[in-house]
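Student: Got a structure for you, written out below as structure tokens; questions coming shortly.
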Amino acid sequence: MIALNIDAKKVEQINNDISPIADKKIEEFLQNKSLTLQAILDKHKAYIKADYIIIATPTDYDSDTNYYNTQSVESVIKDVIAINPNAVMIIKSTAPVAYTQRIKEELGIDSFIFNQSFSEKAKRLIKTTTLLVLTQANYHLSQKSL
91 MIALNIDAKK VEQINNDISP IADKKIEEFL QNKSLTLQAI LDKHKAYIKA
141 DYIIIATPTD YDSDTNYYNT QSVESVIKDV IAINPNAVMI IKSTAPVAYT
191 QRIKEELGID SFIFNQSFSE KAKRLIKTTT LLVLTQANYH LSQKSL
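Residue numbers (this note's numbering): 91 to 236.
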């Protein structure tokens, strides 16, 4: 499993089994579990061989305008399409109603799934990275590790 992040310090921490956020369960997990996880900064390397890409980027909500800022999600989707159009994208970021339909129409794609439900363990792990990039073989290995 590959974790892509834009923060070099977080990448280094993850690669050294150190949680980049203060969370006792993540810290214990990284220290005590065998996880096939490599954090990197290079989106091309992260996307090129991926079968599945989990997108979990911030989507800030502005209650004054009743608007989710989904620019980071759309940026990742466009990058994935350019680098590996065959990858299936799984959007875990919060987005407005009918978001996936709008993106499918605007970008002319159908290779993504919208799924916001996280288990508590997954929520803690997602906090540590911008998104996860999975190959099918690594996905099965990682599921056994969790």
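Positions of the beta carbon are idealized from the N, C-alpha and C atoms, including for glycine.
The structure presented is a predicted model; accordingly, all values stated were derived computationally and were not measured.
Counting pairs of Cβ atoms below 8 Å between the segment 114-123 and the segment 132-148, do you hit three or more?
Tutor: Too few Cβ pairs lie closer than 8 Å, so no.
Student: Between the segment 179-189 and the segment 143-152, do three or more beta carbon pairs fall short of 8 Å?
Tutor: yes
Student: Based on DSSP bridge pairs, tell me the residues matched to F202.
Tutor: Taking the first residue of the sequence shown as 1, we reach residue 202 at position 112. Answer is M179.
Student: Are the CB atoms of I130 and I92 within a distance shorter than 8 Å?
Tutor: The sequence position of residue 92 within the sequence shown is 2, counting from 1. The sequence position of residue 130 within the sequence shown is 40, counting from 1. The answer is yes: Cβ separation under 8 Å.
Student: Quick check for students: name the residue ranges of the alpha helix (DSSP H) that lie wholly in the segment 116-161, counting only runs of 4 or more.
Tutor: Taking only runs of at least 4 residues, the alpha helix (DSSP H) segments lying wholly in the segment 116-161 are 133-137.
Student: DSSP three-state call for I92: helix, strand or coil?
Tutor: Within the sequence shown, residue 92 is the residue found at index 2, counting from 1. I92: strand per DSSP, three-state reduction.
Student: Where does A112 sit, in a helix, a strand or coil, going by DSSP?
Tutor: Taking the sequence shown and counting its residues from 1, the one referred to as residue 112 is at position 22. Looking at A112 - three-state DSSP - the assignment turns out to be coil, as it is neither helix nor strand.
Student: Can you tell me the Cα-Cα spacing of V187 and I96, whole angstroms?
Tutor: Along the sequence shown, read from residue 1 onward, the residue named residue 187 stands at position 97. Along the sequence shown, read from residue 1 onward, the residue named residue 96 stands at position 6. In a straight line, the C-alpha of V187 is about 28 Å away from that of I96.
Student: Does I203 pass the burial test, meaning 16 or more other C-beta atoms within 10 Å, or should it be called exposed?
Tutor: Your numbering for residue 203 matches position 113 in the sequence shown. I203 should be labelled exposed.
Student: What's the call for P110, buried or exposed, on a 16-neighbour Cβ count within 10 Å?
Tutor: Residue numbering aside, residue 110 sits at position 20 when the sequence shown is read from its first letter. By the 10 Å Cβ count, P110 comes out buried.
Student: Roughly how far, in whole angstroms, is the beta-carbon of V163 from the beta-carbon of A185, given that I think they are within contact range, below 8 Å?
Tutor: Residue 163 sits at position 73 when you count from the first residue of the sequence shown. Residue 185 sits at position 95 when you count from the first residue of the sequence shown. Right, the Cβ-Cβ distance comes to about 7 Å (below 8 Å), so this counts as a contact.
Student: Pick helix, strand or coil for N105, following the three-state DSSP scheme.
Tutor: To locate residue 105, count along the sequence shown from 1; it is residue 15. Here N105 sits in helix by DSSP.
Student: I need the straight-line Cα distance from L127 to L94, nearest angstrom please.
Tutor: Mapped onto the sequence shown, residue 127 falls at position 37. Mapped onto the sequence shown, residue 94 falls at position 4. Approximately 10 Å between the Cα atoms of the pair.
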